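The structure under discussion appears below in the form of structure tokens.
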Amino acid sequence: MRVRGAHLDDVSAICRAHLSEVPRWTRSRENGEVEEVRYEELTLFQRWLHGGPHMSPELCAVHLNHLLLAGQTALVAEDEEGRVVGEIEVIEGEVRDLGRTAHVSVLNVEAPARRKGAGRALVEEVEARARENGCAWLTTRPADDAVPFYERLGISRRLRRQVEVVIDLERPLPEPPEASEIVSPLDEYRPLSTRHMLLGCTQSPFQNWQLRRWTLAGIDEDLSAEEGYLPDLDMYYRLERAISSPPARREAGACAWVGDRSLGPLALRWLAGKASGTGYAALRTAIAEEEEAWLEGFQVTERSPFLLLGKALTT
Ligand SMILES: CC(C)(COP(=O)(O)OP(=O)(O)OC[C@H]1O[C@@H](n2cnc3c(N)ncnc32)[C@H](O)[C@@H]1OP(=O)(O)O)[C@@H](O)C(=O)NCCC(=O)NCCS
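The numbering of the sequence shown is the working numbering, which starts it at 25 and goes up by one.
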């Protein structure tokens, strides 16, 4: 098994490996019904809804271009015949309480090539590079099935038990705090790196921020995102149409970075009030499992727990 840096020539092979994961291709009709269709019948956006930019060579190329130009890492594993059988993507950046962190953002080995060492080879190369770059942690959000794999590789520290929730905004909401806001894009990560990402942390805080800067024209550029700062709560926020929801569903996604952890419940109330006032019917976010008391007074309609795993690289 050979591991090497990925480049744009690899896009078709990377994409092929990811597409083999999708059991069926569907699209929603105007009336909300879901129909099964051929891949070729889907627009790029409809393909993207099945798993992001890796769902079509065009979007995968744009995404890989962003990633490589930003100096981040994408590696491929080749079998004995030089055929690409797997890919890993890693986003490195500062994370509060962890320091410089290499976060495995994407990892996929195509089904026929699994259990032959490709996944291990990719992660071990990533770990070696992260150590060379002075990273203190290697982290990931594993798919449930992949937890034993990461544990075999020593990526086994449970850093956060998170839960993704959807809040019904059409029910009465807890009173939001009075707070004035300064609307401005979060073009700089530095102020966020010193704060806790209390809401919306679905991967590493830096990965979350970075990926929203790598937008795809006509795909996720127009999510009506609003970003800004609340001096009263010392909080940065992002509110946008939830990334995979069709416009008709009026579901917002929320993220918040706060200096003082105890302000988390107020941050959530403010964002729920703002989303409701903007016309959204539901709010999707993620919080730590131990903070679920913040949801008191809200009607939660969906709840999906997930883990963030890590390995300390300082020893
Ligand atoms: C998870 C995945 C990347 C593993 O890749 P792989 O090439 O099959 O893994 P390897 O062959 O290198 O396995 C490395 C070790 O993990 C173990 N392992 C791999 N998958 C495992 C699983 N599902 N359960 C238990 N152990 C597993 C192997 O036995 C091996 O142990 P050993 O080296 O001590 O003998 C691959 O199954 C995959 O792409 N899955 C679908 C996408 C996915 O879940 N990606 C991760 C999302 S974060």
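Even glycine gets a Cβ: it sits at the ideal position worked out from N, Cα and C. These numbers were taken from a predicted model, which means no experiment stands behind them.
Going by other Cβ atoms of all chains shown within 10 Å of its Cβ, with 16 needed for buried, is residue i buried or exposed?
{"i": "Ser44", "result": "exposed"}
{"i": "Pro77", "result": "buried"}
{"i": "Ser286", "result": "exposed"}
{"i": "Ala142", "result": "buried"}
{"i": "His31", "result": "exposed"}
{"i": "Ile206", "result": "exposed"}
{"i": "Asp33", "result": "exposed"}
{"i": "Val58", "result": "exposed"}
{"i": "Ala266", "result": "buried"}
{"i": "Ala41", "result": "buried"}
{"i": "Glu212", "result": "exposed"}
{"i": "Asn157", "result": "exposed"}
Have a look at residue i and residue j and give me their C-alpha separation to the nearest angstrom.
{"i": "Leu66", "j": "Arg51", "result": "8 Å"}
{"i": "Asp284", "j": "Ser217", "result": "13 Å"}
{"i": "Ala299", "j": "Leu222", "result": "17 Å"}
{"i": "Val324", "j": "Glu316", "result": "11 Å"}
{"i": "Glu148", "j": "Asp168", "result": "20 Å"}
{"i": "Arg291", "j": "Leu257", "result": "Here the sequence assigns Ala to residue 291, which means Arg is not the residue at that position. Spanning the two alpha carbons is a distance of roughly 7 Å."}
{"i": "Gln227", "j": "Gly106", "result": "32 Å"}
{"i": "His90", "j": "Pro196", "result": "42 Å"}
{"i": "Tyr63", "j": "Arg71", "result": "8 Å"}
{"i": "Phe330", "j": "Ala310", "result": "10 Å"}
{"i": "Phe230", "j": "Val171", "result": "22 Å"}
{"i": "Ile112", "j": "Gly277", "result": "26 Å"}
{"i": "Asn55", "j": "Gly123", "result": "48 Å"}
{"i": "Leu340", "j": "Glu199", "result": "Any answer about residue 340 is impossible in this case: the structure gives the chain only from 25 up to 339."}
{"i": "Gly178", "j": "Leu337", "result": "10 Å"}
{"i": "Ala296", "j": "Val189", "result": "12 Å"}
{"i": "Val108", "j": "Leu146", "result": "12 Å"}
{"i": "Glu194", "j": "Arg308", "result": "14 Å"}
{"i": "Leu332", "j": "Ala312", "result": "10 Å"}
{"i": "Ala259", "j": "Pro166", "result": "Note that residue 259 corresponds to Met in the displayed sequence, not to Ala. Cα-Cα distance, rounded: 28 Å."}
{"i": "Asp244", "j": "Ala152", "result": "33 Å"}
{"i": "Cys279", "j": "Pro136", "result": "38 Å"}
{"i": "Arg181", "j": "Pro209", "result": "34 Å"}
For residue i, which beta-bridge partners are listed by DSSP?
{"i": "Thr164", "result": "Val128, Leu333"}
{"i": "Met259", "result": "Leu254, Val282"}
{"i": "Ala9", "result": "In the structure as shown, the chain begins at 25 and stops at 339. Residue 9 is therefore absent and cannot be evaluated."}
{"i": "Leu223", "result": "Ala280"}
{"i": "Gly117", "result": "Thr125"}
{"i": "Gly29", "result": "Leu99"}
{"i": "Gln323", "result": "Asp192"}
{"i": "Ala249", "result": "None, per the DSSP bridge assignment."}
{"i": "Glu60", "result": "Thr50"}
Could you tell me whether any non-hydrogen atom of ligand 3 is closer than 6 Å to the CB of residue i?
{"i": "Ser208", "result": "Because ligand 3 does not appear in the structure shown, any question about it cannot be addressed here, the ligands present being ligand 1."}
Comparing the C-beta of residue i with each C-beta of chain B, is any distance below 7 Å?
{"i": "Val147", "result": "Of the chains in the structure shown, none is chain B; there is only one protein chain."}
Legend entry - Nearest-residue set for ligand 1, Cβ under 6 Å from any heavy atom: Leu131, Asn132, Val133, Arg138, Arg139, Lys140, Gly141, Ala142, Gly143, Arg144, Thr164, Pro166, Ala167, Asp169, Ala170, Pro172, Phe173, Arg176
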